[in-house]
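Asks: The listed protein sequences derive, respectively, from chains V and E.
For what it's worth, our numbering labels the leading residue of the first sequence as 1, then goes sequentially.
For what it's worth, our numbering labels the leading residue of the second sequence as 1, then goes sequentially.
Dumping the structure here so I can ask a few things about it.
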Amino acid sequence: AQSVTQPDIHITVSEGASLELRCNYSYGATPYLFWYVQSPGQGLQLLLKYFSGDTLVQGIKGFEAEFKRSQSSFNLRKPSVHWSDAAEYFCAVGLYNFNKFYFGSGTKLNVKP
Amino acid sequence: NAGVTQTPKFQVLKTGQSMTLQCAQDMNHNSMYWYRQDPGMGLRLIYYSASEGTTDKGEVPNGYNVSRLNKREFSLRLESAAPSQTSVYFCASSEVGEGGYTFGSGTRLTVV
Chain V
1 AQSVTQPDIH ITVSEGASLE LRCNYSYGAT PYLFWYVQSP GQGLQLLLKY
51 FSGDTLVQGI KGFEAEFKRS QSSFNLRKPS VHWSDAAEYF CAVGLYNFNK
101 FYFGSGTKLN VKP
Chain E
1 NAGVTQTPKF QVLKTGQSMT LQCAQDMNHN SMYWYRQDPG MGLRLIYYSA
51 SEGTTDKGEV PNGYNVSRLN KREFSLRLES AAPSQTSVYF CASSEVGEGG
101 YTFGSGTRLT VV
């Protein structure tokens, strides 16, 4: 069965520090991978996606993620966090032609001034 | 602006009441989805419609029905609301090959 695991429920980092949010998946085929961000009271916004090719993908707002097939991981990173990055982050996986995606339970990011 | 529009944004229901959540997209996407979001559980798929005229159950379909009215509109109906259906509901649309969903801003439903 497909599953997506985000092992960290809450993370707190200081403004200016680096960030890494973890995502592990279990999927029977080559997955398509996504990261979304949700600000309080808002819908989800796509940060970045991986379909194929270069395993390091760049997204909006200075985020990047690296696909590691051997570890079944797709971790999200940012070199220097801004206070406006405080939000909840969701990893999602799916199949291209199936067009249905499974979401992790989310990681809430708190940014200390 | 192009996107996914959900109505209403907030709703309070009494147990046993019925209601329909509306969703419309203007991006000409074929696929539409209804998710519910509960604390600590991420997003769980209720129903989806891969294309106009088709609907399929997701992970948590019990207590819900859907209608794909046309390519633009996909509604979610609660026939007899229960407190366990208190949640935030998101509609989304997508197109094969474009990657990822476009989400609406959500409907916060409370069943008392």
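Even glycine gets a Cβ: it sits at the ideal position worked out from N, Cα and C.
Fair warning: this is a prediction, and the values are worked out from it, not measured in the lab.
Would you report the Cα separation of S31(E) and Y25(V), rounded to the nearest angstrom?
Replies: For the purposes of this step, residue 31(E) is taken as residue 31 along the second sequence, with counting starting at 1. For the purposes of this step, residue 25(V) is taken as residue 25 along the first sequence, with counting starting at 1. Rounded to whole angstroms, S31(E) to Y25(V) spans 24 Å at the Cα level.
Asks: Alpha carbon to alpha carbon, how far is E73(E) from Y48(E)? Give it in angstroms, no decimals.
Replies: As a working mapping, residue 48(E) is identified with position 48 in the second sequence. As a working mapping, residue 73(E) is identified with position 73 in the second sequence. So the two alpha carbons sit approximately 12 Å from each other.
Asks: Under 7 Å, Cβ to Cβ, is there at least one residue of chain V near S104(E)?
Replies: In the second sequence, counting from the first residue as 1, residue 104(E) sits at position 104. The sequence given here places Gly at residue 104(E); Ser does not occur at that position. Chain V, which has a Cβ nearer than 7 Å to the Cβ of G104(E), makes this yes.
Asks: Mapping DSSP to helix, strand and coil, what is D56(E)?
Replies: The count along the second sequence starts at 1 and reaches residue 56(E) at position 56. Strand at D56(E).
Asks: For Q85(E), does the count of other Cβ atoms within 10 angstroms reach 16, so buried, or fall short, so exposed?
Replies: The sequence position of residue 85(E) within the second sequence is 85, counting from 1. Per the 10 Å Cβ criterion, buried.
Asks: Return the residue from the list A24(E), G16(E), T15(E) that minimises the CA-CA distance to T7(E).
Replies: On the second sequence, residue 7(E) is found 7 positions in, with the first residue counted as 1. Answer by Cα proximity: A24(E).
Asks: Can you tell which of L109(V), S105(V), N110(V), V111(V) has the C-alpha that lies nearest to the C-alpha of R36(E)?
Replies: The count along the second sequence starts at 1 and reaches residue 36(E) at position 36. Answer by Cα proximity: S105(V).
Asks: With a threshold of 16 other CB atoms inside 10 Å of the CB of I60(V), please say whether the residue is buried or exposed.
Replies: As a first step, residue 60(V) must be located in the first sequence, where it is residue number 60. Exposed is the call here.
Asks: Taking the alpha carbon of E79(E) as the reference point, which residue from S87(E), N62(E), S94(E) has its own alpha carbon closest?
Replies: For the purposes of this step, residue 79(E) is identified with residue 79 of the second sequence, where counting begins at 1. Checked all of S87(E), N62(E), S94(E); the closest Cα to E79(E) is N62(E).
Asks: Out of G3(E), F10(E), G16(E), which has the shortest C-alpha to C-alpha gap to V112(E)?
Replies: Sequence index remark: in the second sequence, residue 112(E) carries index 112 (1-based). The shortest Cα separation from V112(E) among G3(E), F10(E), G16(E) belongs to G16(E).
Asks: With a threshold of 7 Å between beta carbons, is L19(V) in contact with chain E?
Replies: Here residue 19(V) refers to the residue found at position 19 when the first sequence is read from its first residue. Judged by the 7 Å Cβ criterion, L19(V) is not in contact with chain E.
Asks: Can you check whether the C-beta of M32(E) is within less than 7 Å of a C-beta belonging to chain V?
Replies: Within the second sequence, residue 32(E) is the residue found at index 32, counting from 1. Not an interface residue.
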